[in-house]
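First to last, the protein sequences are chains A and B. Each step along the first sequence adds one to the number in our numbering, with nothing skipped, and position 196 is 196. Counting the second sequence from 1 gives a position; our numbering is that position plus 357. The beta-carbon is built from N, C-alpha and C at its ideal position, and this holds for glycine as well.
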Amino acid sequence: MKRTFERGNVAVAKAAVAAGCRYYYGYPITPQNEIPEYLSQVLPSLGGQFVQAESEVGSINMLLGTGATGKRCMTSSSSPGISLMQEGLSYLAGSEVPCVVVNVQRSGPGLGGISASQGDYFQATRGGGHGDYRTIVLAPASVQEMYDLTVLAFDLADQYRSPVLVLADAMLAQMKEQLEEWTPEVKDFGKEAWALTGAAGRPARKIKSLYLGDGELAEHNWHLSRKYAEIQAREARAHLEVPQGCELAVVAFGSAARIAKSAVDRANAEGRRVGLVRPVTLWPFPSEHLVRLAEKDVPFLAVELNTGQMVEDVRLAVEGRSPVSFAGYPPGYLPSPDDVYEEICRRLSREKVGEAA
Amino acid sequence: MKPVFTRPRSLTDKPFHFCPGCHHGVIHRLVGEAIDHFGVREKTIGAACVGCSVFLYDYFDIDVVESPHGRAQAVATGIKRSNPEKFVLLYQGDGDFAAIGTSESIHAANRGENLTTIFVNNAIYGMTGGQMAPTTTLGQRTTTSPYGRDFAQDGYPIKMTEMLAQLEGVGFAARVSVDTPAHHNQTRKAIFKAFETQIEKRGMGFVEVLSSCPTNWGMSPLAAVEHIQKEMIPYFPLGVFKERTGTDFL
Ligand SMILES: Cc1ncc(C[n+]2csc(CCOP(=O)(O)OP(=O)(O)O)c2C)c(N)n1
Ligand code: SF4
Numbered sequence: 001m002k003r004t005f006e007r008g009n010v011a012v013a014k015a016a017v018a019a020g021c022r023y024y025y026g027y028p029i030t031p032q033n034e035i036p037e038y039l040s041q042v043l044p045s046l047g048g049q050f051v052q053a054e055s056e057v058g059s060i061n062m063l064l065g066t067g068a069t070g071k072r073c074m075t076s077s078s079s080p081g082i083s084l085m086q087e088g089l090s091y092l093a094g095s096e097v098p099c100v101v102v103n104v105q106r107s108g109p110g111l112g113g114i115s116a117s118q119g120d121y122f123q124a125t126r127g128g129g130h131g132d133y134r135t136i137v138l139a140p141a142s143v144q145e146m147y148d149l150t151v152l153a154f155d156l157a158d159q160y161r162s163p164v165l166v167l168a169d170a171m172l173a174q175m176k177e178q179l180e181e182w183t184p185e186v187k188d189f190g191k192e193a194w195a196l197t198g199a200a201g202r203p204a205r206k207i208k209s210l211y212l213g214d215g216e217l218a219e220h221n222w223h224l225s226r227k228y229a230e231i232q233a234r235e236a237r238a239h240l241e242v243p244q245g246c247e248l249a250v251v252a253f254g255s256a257a258r259i260a261k262s263a264v265d266r267a268n269a270e271g272r273r274v275g276l277v278r279p280v281t282l283w284p285f286p287s288e289h290l291v292r293l294a295e296k297d298v299p300f301l302a303v304e305l306n307t308g309q310m311v312e313d314v315r316l317a318v319e320g321r322s323p324v325s326f327a328g329y330p331p332g333y334l335p336s337p338d339d340v341y342e343e344i345c346r347r348l349s350r351e352k353v354g355e356a357a
Numbered sequence: 358m359k360p361v362f363t364r365p366r367s368l369t370d371k372p373f374h375f376c377p378g379c380h381h382g383v384i385h386r387l388v389g390e391a392i393d394h395f396g397v398r399e400k401t402i403g404a405a406c407v408g409c410s411v412f413l414y415d416y417f418d419i420d421v422v423e424s425p426h427g428r429a430q431a432v433a434t435g436i437k438r439s440n441p442e443k444f445v446l447l448y449q450g451d452g453d454f455a456a457i458g459t460s461e462s463i464h465a466a467n468r469g470e471n472l473t474t475i476f477v478n479n480a481i482y483g484m485t486g487g488q489m490a491p492t493t494t495l496g497q498r499t500t501t502s503p504y505g506r507d508f509a510q511d512g513y514p515i516k517m518t519e520m521l522a523q524l525e526g527v528g529f530a531a532r533v534s535v536d537t538p539a540h541h542n543q544t545r546k547a548i549f550k551a552f553e554t555q556i557e558k559r560g561m562g563f564v565e566v567l568s569s570c571p572t573n574w575g576m577s578p579l580a581a582v583e584h585i586q587k588e589m590i591p592y593f594p595l596g597v598f599k600e601r602t603g604t605d606f607l
């Protein structure tokens, strides 16, 4: 273990190297450029490859090629670039090819701006490309988690033969924090059973997403659906800080959760009992944790750096069992802990007088 | 008795689905011969495209990954960069290589990726039912150029071989045809050269093959061959446009 003081983007790049990723393909876009810059420097000396692709369309398809041969590979981009990758993501999911895609979100829609945003939640968690598929989405909330969750992303990608997204934002990517760099054990996920290596001494293999035979495509989609159900059952992760007798649970991920934490801490220091639920996987969404709180009649306040996306998953999770309210901050206004604290206080006073959410 | 003509080992027994008179089958066979000749079947990974040749993986007894429409060059780049010791084969139609995938095609060639690209130019979109392609010849009627391709409206047929031959990253670039036995033999030679180019790491080995689509041209197979001779070859001249022999590049 090595202790350093590192920028979020560099933590992602270092984690990829530690996780055994030797192939990176990407196209520059702010605010994630430190990832390709770091990897272009180190991958060649590790026997790997850094290719600056002609576009994000090129990058994601290079992952399809490398991933199909069973090797760990990664790309990173930011919102408009991720939009261009959606075609490829659909093919990667449909062909069951593992890869890791890092989205350091910026503000949109369109060219938007480079400030921190969580505007790509829908795109990340709903598939984004065409067809009936899901991608695992991990949401770091610190530089350390930029590292830890990138490592996890490679394992999950291999385990489930699926693209895995790491959904960060400009704040996490650009800030520097203490980082403990650790070297994970690179596990064997049985890739030799499917990876393309040349048909030596075995029947030829095809990796594809075209299924034209009678019922073949339906069967393939059911197969994917069963896999997604398994992922939902096994991989939903959340970080919880919920006090006894919790009066209100704030739900927030990534940077919004960092800001919300300060607000929650202040409320608790003042004698309130406010909880924080921080989804670490955005898909699968950690609904179970919310259900348990909803069953105890705990109301929820979703805090996001957008105009309301994850809050829909919170509502879906609690299914009307307890009130859900929303505090949204689209790019252009970065909330302070005081903003969120005030929102918490407003919620609490309304809960007290029994006002409907 | 000694057999003088057999099926290439690298082709499977599956009968081709191609229409009568389509040249895809002939070109598949020539590619199969090249795989056998260079003994690379067991280390070949193919990047299939979208188009009438999408079922490449049913006919070639090799590992294949299917690519999104137009993206095969990027997919192949990903295969080759992470597996430089493997042989990577591309087989793309004109819609795939020269329309939706132009960016991927030009940049892979320009990067000098050590890949072998077979580019099948049938001047039309076969699989989707005969729409205009970037290679559709002037005056040619298709379902989306019903009055005949007009340069003022649709631009000119694109000459990919000439374009690619200019790129430093391309080691071999030729345009061939399978309309006559003599041309067939030249095509075989060119495909072999494109294989050699990859094996010897001289950059992209590229072969454009003029090919028929009797179905969508609305012609008999023989009339289609005549169409290649009268309409296509005059605009798309045959020949080797670039051949790098050694390390005559920077
Ligand atoms: C993104 C996308 N756009 C369009 C299509 C539909 N499509 C499938 S094949 C094809 C054209 C194929 O033409 P070509 O590459 O010339 O090959 P051919 O069928 O003539 O052999 C098109 C437009 C697609 N599959 N994907
Ligand atoms: S549609 Fe045209 S290109 Fe496709 S198989 Fe038939 S003849 Fe060949």
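Checklist line | Span of the alpha helix (DSSP H), counted from its first residue to its last, around Ile457 of chain B | finding: Segment: none, Ile457 of chain B is in no alpha helix (DSSP H) and carries neither H nor E.
Item checked: Distance cut-off 8 Å: Ile481 of chain B Cβ against heavy atoms of ligand 1 -> Checking the Cβ of Ile481 of chain B against ligand 1 gives yes.
Margin query: At a cut-off of 8 Å, would you count Asn61 of chain A as near ligand 2, judging by its Cβ distance to the nearest heavy atom?
Written below: Relative to ligand 2, even the nearest heavy atom lies 8 Å or more away from the CB of Asn61 of chain A.
Notebook entry, point to check: So Gln488 of chain B packs on Thr501 of chain B, CB below 8 Å; how close in whole Å?
Noted result: The pair is a contact, with the Cβ atoms about 4 Å apart (cut-off 8 Å).
Margin query: Once the 5 residues before and after Pro284 of chain A are set aside, which same chain residues still bring their CB inside 7 Å of it?
Written below: Excluding residues within five positions, the ones whose Cβ falls inside 7 Å are Ile231, Gln232, Glu235, Ala236.
Checklist line | Alpha-carbon spacing of Leu39 of chain A relative to Gly190 of chain A, whole angstroms | finding: Taking the straight line from one Cα to the other gives about 27 Å.
Margin query: Helix, strand or coil for Ala357 of chain A? Go by DSSP, reduced to three states.
Written below: Caution applies to Ala357 of chain A, whose pLDDT of 44 falls short of 50 and renders its modelled position unreliable; the model cannot decide the point.
Check: Do the segment 108-122 of chain A and the segment 323-337 of chain A make contact, defined as three or more Cβ pairs closer than 8 Å?
Finding: Taking 8 Å as the limit for Cβ pairs, the verdict is that the segment 323-337 of chain A does touch the segment 108-122 of chain A.
Item checked: Proximity of Met171 of chain A and Arg7 of chain A at Cβ, strictly below 9 Å -> The answer is no: Cβ separation not under 9 Å.
Notebook entry, point to check: Taking 8 Å as the cut-off, is the CB of His380 of chain B close to at least one heavy atom of ligand 2?
Noted result: Using a cutoff of 8 Å, the CB of His380 of chain B counts as near ligand 2, since one of the ligand's heavy atoms is closer than that.
Margin query: For the segment 407-418 of chain B, list every residue whose C-beta sits within 7 Å of some C-beta in chain A, in sequence order.
Written below: Across the segment 407-418 of chain B, CB contacts with chain A closer than 7 Å involve Val411, Tyr414, Asp418, in sequence order along the chain.
Check: So the alpha helix (DSSP H) Phe598 of chain B belongs to, where does it begin and stop?
Finding: From DSSP, Phe598 of chain B is part of no alpha helix (DSSP H) but of the beta strand (DSSP E) over 596-600.
Next item on the list: Quick one: grab the DSSP three-state call for Leu196 of chain A.
Entry: Coil.
Next item on the list: Taking C-beta pairs closer than 8 Å, name the residues in chain A that Ala404 of chain B reaches, listed in chain order.
Entry: Residues of chain A passing the Cβ test: Gly65.
Checklist line | chain A contact for Thr500 of chain B (CB, 9 Å cutoff) | finding: Cβ-Cβ to chain A under 9 Å: no for Thr500 of chain B.
Checklist line | Below-9 Å beta-carbon distance, Arg161 of chain A vs any chain B residue | finding: Not one beta carbon of chain B lies nearer than 9 Å to the beta carbon of Arg161 of chain A.
Note to self: Please identify, using Cβ separations under 9 Å, the residues of the segment 74-98 of chain A that lie next to chain B, in order along the chain.
What the structure shows: Of all residues in the segment 74-98 of chain A, Glu87, Gly88, Ser90, Tyr91, Ser95, Val97 have a Cβ within less than 9 Å of some Cβ in chain B.
Checklist line | Supposed close pair Tyr23 of chain A, Gln41 of chain A - CB separation, criterion 8 Å | finding: Not a contact, Cβ separation roughly 15 Å.
Note to self: For a test of your reading of the model: does the CB of Asp453 of chain B fall under 8 Å from any non-hydrogen atom of ligand 1? Yes or no.
What the structure shows: Relative to ligand 1, Asp453 of chain B has its C-beta within less than 8 Å of a heavy atom.
Note to self: Strictly under 9 Å for the Cβ-Cβ distance: is Ala16 of chain A near chain B by that measure?
What the structure shows: No, Ala16 of chain A lies away from the interface with chain B (no Cβ there is under 9 Å from its Cβ).
Checklist line | Proximal chain A residues relative to Thr401 of chain B, where beta-carbon distance stays under 7 Å | finding: For the C-beta of Thr401 of chain B, the chain A residues within less than 7 Å are, from N- to C-terminus, Gly198.
Next item on the list: Classify His380 of chain B as helix, strand or coil using the three-state DSSP reduction.
Entry: Here His380 of chain B sits in coil by DSSP.
Next item on the list: Pull up the distance between the alpha-carbon of Ser439 of chain B and that of Gly65 of chain A, whole angstroms please.
Entry: Going from the Cα of Ser439 of chain B to the Cα of Gly65 of chain A covers about 9 Å.
Check: Can you tell me whether DSSP reads Cys99 of chain A as helix, strand or coil?
Finding: DSSP places Cys99 of chain A within a strand segment (E or B) once states are collapsed to three.
Item checked: Separation of Val324 of chain A from Gly469 of chain B, as counted between CA atoms -> Annotation: Gly469 of chain B to Val324 of chain A spans about 56 Å, alpha carbon to alpha carbon.
Item checked: Residue from A:Met1, A:Gly67, A:Asp132 with nearest C-alpha to Ala404 of chain B -> Checked all of A:Met1, A:Gly67, A:Asp132; the closest Cα to Ala404 of chain B is A:Gly67.
Notebook entry, point to check: Buried or exposed: which applies to Glu461 of chain B, given that a residue is buried once 16 or more other Cβ atoms fall within 10 Å of its Cβ?
Noted result: Buried, by the Cβ-count rule.
Note to self: Using beta carbons (cut-off 9 Å, strictly below), is Lys206 of chain A in contact with chain B?
What the structure shows: Output row for Lys206 of chain A: interface = yes.
Notebook entry, point to check: Using a Cβ-Cβ cut-off of 8 Å (strictly less than) and excluding sequence neighbours within five positions of Met85 of chain A, which residues of its own chain qualify?
Noted result: Listed in chain order, the non-local C-beta contacts of Met85 of chain A below 8 Å within the same chain comprise Glu56, Val57, Ser59, Ile60, Thr75, Ser77, Val101, local neighbours out to five positions each way being set aside.
Notebook entry, point to check: Which residues in the same chain have their Cβ closer than 6 Å to the Cβ of Arg258 of chain A, if we skip the five residues on either side of it in sequence?
Noted result: Listed in chain order, the non-local C-beta contacts of Arg258 of chain A below 6 Å within the same chain comprise Ala141, local neighbours out to five positions each way being set aside.
Check: In angstroms, rounded to a whole number, what distance separates the CA positions of Ala547 of chain B and Ile457 of chain B?
Finding: Taken atom to atom, the span from the alpha-carbon of Ala547 of chain B to that of Ile457 of chain B is near 25 Å.
Margin query: Quick check on the DSSP output: what are the complete alpha helix (DSSP H) runs of length 4 or more inside the segment 183-253 of chain A, in order along the chain?
Written below: Listed in chain order, they are 216-235.
Checklist line | Simplified DSSP state of Asn478 of chain B, which is helix, strand or coil | finding: Judged by DSSP in its simplified three-state form, Asn478 of chain B adopts strand.
Margin query: I'd like to know whether the C-beta atoms of Lys558 of chain B and Asn471 of chain B end up nearer to each other than 9 Å.
Written below: Their beta carbons are under 9 Å apart, which means Lys558 of chain B touches Asn471 of chain B by this criterion.
Check: Distance, Cα to Cα, Gly213 of chain A vs Tyr91 of chain A?
Finding: C-alpha of Gly213 of chain A to C-alpha of Tyr91 of chain A: approximately 19 Å in a straight line.
Notebook entry, point to check: For the segment 314-331 of chain A, which residues have a CB atom closer than 7 Å to at least one CB atom of chain B, in sequence order?
Noted result: So nothing in the stretch comes that close.
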